[in-house]
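S.K.: Residue numbers (this note's numbering), protein chains in the order written: chain A, 865 to 937; chain B, 890 to 1131.
Quick one: structure below, then a few questions.
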């Protein structure tokens, strides 16, 4: 099951890189007095909350078993 | 980084802007509701499973590990999708200056289209409000018809479209009057026949005549054929008699 965890962390890494560059482009295109700064803050808070809760749940789960056990209920 | 090479709010040329308008927030409502629905669908499914006492053993064991990873990725993607949709909506704006109309269309994070139209090319402007929401919130489309390769220029879902269309026509008329091109435009559109309208403008030669009072030269009648003889034809003898 560790393989899925590794894939998830890779996805998270790519996701963070994508967002860093995207936010950089958005901030470069800003106008004076627009609402972009507030929305960027809300967006960053929401994705950090999602990542934090995910890591919290992941840390409380058992990842040591094999793939065959996933089909045993 | 210089992103904009025309007047925008906050730049040095800000005072050249006559109208700066973004799309009305109701235009974003559909995407917002879709994102909200996508966010609450997993929660609704889980509530239904527990409320109707379905087999909850699937939430035990390693399936739960899988579910946590998938839900985490799902919510991150939905959050990014919502933000990108908002950016595409918010960065779509229209700037009307004293000389041109500028349309900025944002497509996601990494796509942007900027169109500029000179107000001299504007031929006709119309505004359109359709539907209950558009009428209630007073937003609609402004269609600018132009003389050029791109025949129409559409300002979509803008607030108070009638005011914007009348403002565009007012600026257009002001430019035409300033440049003194009113007659040229009416002739070009076929409203006036070229050459039939008397103008008070004199040619440079007429002005010179009046200024320096150059005597008019008498035109020699030698070789002239009278109107009465035109039907008879014949040769005109231009030899001078000695």
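Here a beta-carbon is modelled for each residue, glycine too, at the ideal position from N, C-alpha and C.
Note that the structure is a prediction, hence the values are computed from the model and not measured.
Closer than 9 Å, CB to CB, is residue 884(A) near chain B or not?
M.R.: Cβ-Cβ to chain B under 9 Å: no for residue 884(A).
S.K.: Please list the terminal residues of the continuous beta strand (DSSP E) segment that includes residue 983(B).
M.R.: Residue 983(B) -> beta strand (DSSP E) spans 982-986.
S.K.: Within this structure, are the beta carbons of residue 1053(B) and residue 1016(B) separated by less than 9 Å?
M.R.: Cβ distance < 9 Å, so residue 1053(B) and residue 1016(B) count as in contact.
S.K.: Would you mind reading off the limits of the alpha helix (DSSP H) that contains residue 902(A)?
M.R.: From DSSP, the alpha helix (DSSP H) with residue 902(A) extends over 900-923.
S.K.: Whole angstroms are fine: how far does the CA of residue 966(B) sit from the CA of residue 997(B)?
M.R.: Their backbone Cα atoms lie some 14 Å apart in a straight line.
S.K.: So what's residue 1028(B) in DSSP terms, helix, strand or just coil?
M.R.: If DSSP states are grouped into helix, strand and coil, residue 1028(B) belongs with the strands.
S.K.: Less than 9 Å between CB atoms is the rule here; does residue 1012(B) satisfy it with respect to chain A?
M.R.: Chain A, which has no Cβ nearer than 9 Å to the Cβ of residue 1012(B), makes this no.
S.K.: Using 9 Å as the threshold, is the C-beta distance between residue 1000(B) and residue 1018(B) below it?
M.R.: No. Outside cutoff.
S.K.: Residue 972(B) touches chain A at which residues, Cβ-Cβ below 8 Å?
M.R.: The answer, in chain order, is 903, 907.
S.K.: Residue 895(B) to residue 975(B), Cα distance in whole Å?
M.R.: If I take the Cα positions, the gap works out to 24 Å.
S.K.: Quick one, are the C-beta atoms of residue 988(B) and residue 1009(B) less than 9 Å apart?
M.R.: Yes.
S.K.: Please specify which runs of the alpha helix (DSSP H), each continuous and at least 4 residues long, are wholly inside the region 899-946 of chain B, giving them in chain order.
M.R.: Qualifying alpha helix (DSSP H) stretches, in chain order: 918-940.
S.K.: Quick one: Cα of residue 917(B) to Cα of residue 1056(B), how far?
M.R.: Whole-angstrom Cα-Cα distance: 25 Å.
S.K.: Keeping to the same chain, check which residues put their C-beta closer than 7 Å to that of residue 912(B); ignore five residues upstream and five downstream.
M.R.: For residue 912(B), where only same-chain residues beyond five positions count, the Cβ hits under 7 Å are 978, 981, 1045, 1046, 1047.
S.K.: Can you tell me the Cα-Cα spacing of residue 908(A) and residue 914(A), whole angstroms?
M.R.: Their backbone Cα atoms lie some 10 Å apart in a straight line.
S.K.: Which residues in the same chain have their Cβ closer than 6 Å to the Cβ of residue 1007(B), if we skip the five residues on either side of it in sequence?
M.R.: Excluding residues within five positions, the ones whose Cβ falls inside 6 Å are 989.
S.K.: Between residue 871(A) and residue 960(B), what straight-line distance do the alpha-carbon atoms span, to the nearest angstrom?
M.R.: Going by the C-alpha atoms only, they are around 14 Å apart.
S.K.: Can you tell me whether DSSP reads residue 896(B) as helix, strand or coil?
M.R.: Of the three classes helix, strand and coil, the one that applies to residue 896(B) here is coil, per DSSP.
S.K.: Can you look up residue 1000(B) in the DSSP assignment and give me helix, strand or coil?
M.R.: Note: residue 1000(B) maps to strand in three-state DSSP.
S.K.: Within the 9 Å Cβ cut-off, does residue 877(A) reach chain B?
M.R.: Output row for residue 877(A): interface = no.
S.K.: Excluding the five sequence neighbours on either side, which residues of its own chain have a C-beta within less than 7 Å of the C-beta of residue 1058(B), listed in chain order?
M.R.: Taken in chain order, the residues that qualify are 1014.
S.K.: Determine the chain A residues that contact residue 976(B) at a beta-carbon separation under 7 Å, and present them in chain order.
M.R.: By Cβ distance, chain A contributes 890.
S.K.: I'd like the span of the alpha helix (DSSP H) that includes residue 874(A), first residue to last.
M.R.: Counting along the chain, the alpha helix (DSSP H) containing residue 874(A) begins and ends at 866-892.
S.K.: Going by the DSSP bridge assignment, what does residue 1042(B) pair with across the sheet?
M.R.: In DSSP, residue 1042(B) forms a bridge with 1033(B).
S.K.: Would you decide whether residue 890(B) is buried or exposed? Buried here means 16 or more other CB atoms lie within 10 Å of its CB.
M.R.: Low confidence applies here, because residue 890(B) scores a pLDDT of 44, under 50, leaving its location unreliable; read the following figure in that light. Result: exposed.
S.K.: Is residue 908(B) closer than 9 Å to residue 993(B) when the C-beta atoms are compared?
M.R.: It is not a contact, given that the beta carbons lie outside the stated cut-off.
S.K.: From which residue to which residue does the alpha helix (DSSP H) around residue 974(B) run?
M.R.: Counting along the chain, the alpha helix (DSSP H) containing residue 974(B) begins and ends at 951-979.
S.K.: Find the nearest neighbour of residue 1021(B) within the set 939(B), 915(B), 1011(B), judged by alpha-carbon distance.
M.R.: Here the closest residue by C-alpha is 915(B).
S.K.: Quick check on the DSSP output: the alpha helix (DSSP H) that includes residue 1062(B) runs from which residue to which?
M.R.: 1050-1068 is the extent of the alpha helix (DSSP H) around residue 1062(B).
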